[in-house]
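Numbering (full-length UniProt numbering), first residue to last: 1 to 635.
Cβ coordinates follow ideal geometry from the N, Cα and C atoms, glycine included.
This one's a predicted model, so the numbers in the text were calculated from it and none came from an experiment.
The block underneath contains the structure these notes are about, expressed in structure tokens.
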Amino acid sequence: MRLLSGLKLRGRLTLWICLLLVAALVPAVGAGVHVIRRNLEQQVRGVLQVEADGLRDLIEASLHEREANARAWTEDAIVRGALLFDTYAKSDAVLTSLNGRHTSFAGLVLFTPDGRAVSVSQPQLRQAFAGREQEVRASLWFQAALEDRLDPAILTGALAKKDPFLDRLVMPLALPVLSPISGARVGVLLAAYDWGQLEKVVTGALQRAQDRGQKSFTLEILTPDGQSLFSARAEGTPNLSNPVRAEAHKDANHRFSAGQDWRFVAALEETEAFLPLGRFLQLSLLAGAALLGIAVLAAWALARGVTRPIATLSELVTRVVREGDLTQKVEAHGHQDEVGELASAFSRMMDHLRESTTSLQQATRVLGQTVGELTQATEQQERILTRQGAAIQETQVTAKEIQQTSQLAAERSQAVLALVARAREVGGSGQTALGASLDGFEQLRDHGTRLAEGISSLHERTHQIGGITQTVKDLADQSNMLALNAAIEAARSGEHGKGFGVVAREIRSLADQSIQATDRVRDILDAIRGGIRDTVALSEEGQRHSEAGLAQVRESGQSLRALADIIQDNASAAQQIAAAVIQQNAGIAQIFMAVTDLSRMMDDTLQAMHGTQRMTLALRGVAERMETVAGVWRV
């Protein structure tokens, strides 16, 4: 649609008429092409089906005839006699004669049951089978012939590759030769049907296709799995790219066992099959192009007759817009159709536009005067509001400074309160710690006293231990003297006093050890007495220091109590000052908020005044443009 918007009315009318014609022709031609293609396709497929059926009938008839010939030859008396009596000269002549009359066979060979070729229709066949009896016996067709059957799979499979004996594609029609007397199998007759002879069979069908102008026509024989058994295309010819095919299958009454499940195909290239349709399309396109050309000329003439009055009105409007002359007159040209009605309506519009323009020019002059007066009043009010705004702004700055000073005083008073509270807490903690220290010193003094008493008691015990050790030493000395006396008496007693002498020595030894232990204990006790004396001296000195420290702590406690009372008085005064500062700060904040609101209201008033001024300026611009626009037209 964007492309159509760039065309003039004449071109769009012509284009739409052509599109309508094309829209009418295309479905008609399409329907015709569809009908013709369907009929032509039915005809082509019918012809191909006939050719496929004909190929099937020809192949069946040909193969059936070859099978019948081979069976008849197995019953020939000379052939049977040759196997029964080993006289092969006549059988060679018979086979040569039969092969000469039926050239579709690549050769006829007569075998004995052990696979030995005894009679042939051509001398080279004897050489091909000479010495290869084992291969012949292993051949599937030979084994099937000994069982008196023609296996379709074996016959079809033989066409997949060249025969190893004949070096060509052949269908081995191998049948048993029976004895006329006993009916026993006396040999096998191989009738090798030359598969290349099928080209002669389908020559007629290919010639008919050439006469119809169908050069791509071809016939094929396929196995059920799609393997090609025969194709009428010459070697090297590419396959059909988009073929139209028809197939024929063996019917239930097939006459030849090898052709069971074969597919007989007739194919033709689609472009060649529908060549008449292409010619019809060419003719249709030529006729459509001619009709379209005529339609273009007719549409152009029609569009030209319709658009000429409209072009005249367009030129008139262009002059009015370019020159601003509303005195132009519109001519109806005597048309009574829609174009004439359009010209009359345009003439009435010109009259109305002249009247509107006159009124607009008068209104713009009045509007210009009113806008001038409104502009002067707005400028004077703006000057007054500007002075008021400057005064309020100075008041706001002063209130801001007072508020900042008040906030600073409030912050400082809060800091003093915090310090006073901290001093109060520290004073309380000091009094608590001082009381604890007094209690500790008193406990330390009591502990020192008890320690001195314990040391004194220990000193007395050491004196008692010294007396005990002296007693032990005296006992040891006496024991020593007794042991000495006992040793003397033992010496006097002779042999009877030896045992008592030993006891005396031991007692003396124990007495010496007791004396040594007593000496060591006396030394230890002397050392303990010296340590106790030192401890007593230190304890007495520590007790004296404790008494002095206790007196100092009592004095410090009295000083801390006096300091706590002073801090309490300062805290009360600081709280009263902070409360006064807070009240002052609240009052100043209210004043600042009131000044701020007044300043904001003044700003809003100024913005509204500026908006009014902008609207006045815009109104002045509109008035000037209206005056300019109204002045363009000449009435």
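Asked, Found
"Sequence-distant residues of its chain with Cβ nearer than 7 Å to glycine 81 (five each side left out)", "Thr87"
"Buried or exposed (CB count within 10 angstroms, at least 16 for buried), alanine 266", "buried"
"Cβ neighbours of leucine 140 in the same chain (closer than 6 Å, five flanking residues each side left out)", "Ile154"
"Neighbourhood of phenylalanine 217 by C-beta, 6 Å cutoff - its chain only, sequence neighbours within 5 removed", "Ala209, Leu268"
"Pairwise C-alpha distance: leucine 58 and glutamate 41", "25 Å"
"Limits of the unbroken alpha helix (DSSP H) element including threonine 203", "203 to 211"
"Per DSSP, cross-strand counterpart(s) of alanine 117", "Phe111"
"C-alpha gap between aspartate 148 and glycine 226, whole angstroms", "29 Å"
"Straight-line Cα distance separating lysine 200 from histidine 249", "21 Å"
"Distance CB(leucine 189)-CB(valine 177) smaller than 8 Å", "yes"
"Beta-carbon gap between leucine 55 and phenylalanine 264 smaller than 8 Å", "yes"
"CA-to-CA distance, leucine 222 to serine 231, given in whole angstroms", "9 Å"
"C-beta atoms of alanine 145 and alanine 192 nearer than 8 Å", "no"
"Cβ contact (3+ pairs, closer than 8 Å) linking the region 151 to 165 and the region 47 to 54", "no"
"Buried or exposed (CB count within 10 angstroms, at least 16 for buried), glycine 196", "exposed"
"Distance between glutamate 547 and glutamine 583 (C-alpha atoms, nearest Å)", "54 Å"
"Beta strand (DSSP E) runs contained entirely in the region 220 to 246, provided each spans 3 or more residues", "228 to 231"
"Assumed close pair arginine 529, threonine 462 - CB separation to whole angstroms, cut-off 8 Å", "6 Å"
"C-beta atoms of glycine 107 and leucine 125 nearer than 8 Å", "yes"
"Histidine 102 (DSSP reduced to helix, strand or coil)", "coil"
"Inter-residue CB distance, valine 244 and valine 44 (contact presumed, cutoff 8 Å)", "6 Å"
"C-beta contact flag for phenylalanine 129 and phenylalanine 85 at 8 Å", "no"
"Extent of the continuous beta strand (DSSP E) to which arginine 185 belongs", "185 to 194"
"Cutoff 8 Å; reference glutamine 214; Cβ partners in own chain excluding five residues on either side", "Leu268, Glu272, Ala273"
"Leucine 408 versus glutamine 576 - alpha carbon distance", "17 Å"
"Limits of the unbroken beta strand (DSSP E) element including alanine 77", "No beta strand (DSSP E) holds alanine 77; the alpha helix (DSSP H) holding it covers 77 to 85."
"For glutamate 453 and arginine 544, the rounded distance between their alpha carbons", "16 Å"
"Neighbourhood of methionine 1 by C-beta, 6 Å cutoff - its chain only, sequence neighbours within 5 removed", "Here methionine 1 scores only 49 on pLDDT, less than 50, and its place in the model is too uncertain to base an answer on."
"DSSP state of proline 123 mapped onto helix, strand, coil", "helix"
"Through-space distance from glutamate 315 to serine 284, alpha-carbon basis", "44 Å"
"Same chain, Cβ closer than 6 Å to alanine 288, neighbours up to 5 away in sequence not counted", "Residue identity differs from the one stated: residue 288 is glycine in this sequence, not alanine. Closer than 6 Å at Cβ, skipping near neighbours: Leu25."
"Whether alanine 487 touches arginine 505 by CB criterion (8 Å)", "yes"
"Beta-ladder partner(s) of proline 164, from DSSP", "Paired residues: none, contrary to the question."
"C-beta atoms of residue 654 and valine 22 nearer than 8 Å", "The chain is shown from 1 up to 635; residue 654 falls before or after that span and cannot be answered."
"Run of the beta strand (DSSP E) containing proline 180, from where it starts to where it stops", "It is not in any beta strand (DSSP E) - proline 180 carries neither H nor E in the DSSP assignment."
"First through last residue of the alpha helix (DSSP H) which encompasses glutamate 270", "270 to 273"
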